[in-house]
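Heads up: take any position in the sequence shown, counting from 1, add 389, and you land on our numbering.
We put the CB at the ideal spot given by N, CA and C, even for glycine.
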Amino acid sequence: MDSSGIAALGGLLILGGFIVALALMAFVVWAFVDVLRRPRQQWAVAGQQQALWLVALAVGTVMGVGAVAALVYVLIPLPRLREAGRATQLA
390 MDSSGIAALG GLLILGGFIV ALALMAFVVW AFVDVLRRPR QQWAVAGQQQ ALWLVALAVG
450 TVMGVGAVAA LVYVLIPLPR LREAGRATQL A
């Protein structure tokens, strides 16, 4: 492979990394907005703390692990919050 091919490959890798970084940041922003938009009653019924998740996402983002915090939010409290939302709508 000549130098122009290597440069093109390097450019594609940089572009791919940029796209992945944007997708991860969008995921963190979505999680942050989701935390903010849920009513306090839903948090109470789910037994979760809204402020804790806001801080976890903010600090995680600053420390470079915001996507990990967002993933944990999606896997642990979000299903409980959704269930609490259904329960409060039925009541």
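Between G436 and R469, the gap from beta carbon to beta carbon is short of 8 Å.
The beta carbons of W442 and V457 sit no closer together than 8 Å. Straight through space, the alpha carbons of T450 and I395 are spaced by roughly 33 Å.
Around the beta carbon of G455, 16 or more other beta carbons lie within 10 angstroms, which makes this residue buried.
Closest by C-alpha distance to A415, out of L401, R475, I403, L446, is L446.
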